[in-house]
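Residue numbers (this note's numbering): 90 to 224.
Glycine is no exception: its CB is placed at the ideal position from the N, C-alpha and C atoms.
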Amino acid sequence: MSPLTVLVARERLTKMVLAAVVPRKGPDKGVALRVATFIEELGCAHLDVITKSDREPALRALLREVSRMRAEVGGGRSIPEASPAYSSQSNGIVESGVQSVEAQIRVMRSALEGRWQTTLSETHEVWPTLVDYSG
Numbered sequence: 090m091s092p093l094t095v096l097v098a099r100e101r102l103t104k105m106v107l108a109a110v111v112p113r114k115g116p117d118k119g120v121a122l123r124v125a126t127f128i129e130e131l132g133c134a135h136l137d138v139i140t141k142s143d144r145e146p147a148l149r150a151l152l153r154e155v156s157r158m159r160a161e162v163g164g165g166r167s168i169p170e171a172s173p174a175y176s177s178q179s180n181g182i183v184e185s186g187v188q189s190v191e192a193q194i195r196v197m198r199s200a201l202e203g204r205w206q207t208t209l210s211e212t213h214e215v216w217p218t219l220v221d222y223s224g
């Protein structure tokens, strides 16, 4: 099995994090709904939000789908902002969110393996839940 594809989103002010295993990169409706729900949970459903991402086409397509979904239900605008090319520093908030999610996944995996007295395989069905809780 190839490594899981994980989406990490982080809100700038509250530092709340969404971490989710996604079936594939790109504009998946289920994933877009997850992101739109995260925006709603932040209390920003009817506010304009700036969605900052790198220039990866799959991620930009996903954010367009989120914007479309929010518009359908009368939500605020989603204003896309792409970081400059080859500038990982401009995504510092998200990058630190990714690092903290990765660290939390390692901690939770270790604790779970210890409690269950086993080693989790890459295909174990607990991974999506473990990633969700790590966020």
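7 Å Cβ shell around residue i - same chain, five flanking residues per side excluded
i: residue 158; result: 121, 122 and 125
i: residue 183; result: 97 and 99
i: residue 187; result: 97
Beta-bridge partners of residue i, as assigned by DSSP
i: residue 99; result: 106
i: residue 170; result: 141
i: residue 94; result: 111
Proximity winner among the options, relative to residue i (alpha-carbon distances)
i: residue 103; options: 191, 144, 148 and 131; result: 131
i: residue 92; options: 202, 191 and 206; result: 191
i: residue 144; options: 181, 172 and 208; result: 172
i: residue 113; options: 146, 101 and 134; result: 146
Buried/exposed call for residue i, threshold 16 Cβ in 10 Å
i: residue 152; result: buried
i: residue 199; result: exposed
i: residue 136; result: exposed
i: residue 160; result: exposed
Beta-carbon proximity check, residue i vs residue j, cutoff 8 Å
i: residue 106; j: residue 224; result: yes
Cut-off 8 Å between Cβ atoms - residues of its own chain near residue i, not counting five sequence neighbours on either side
i: residue 138; result: 128, 165, 166, 167 and 168
i: residue 266; result: Nothing in the structure corresponds to residue 266, since the chain is present only between 90 and 224.
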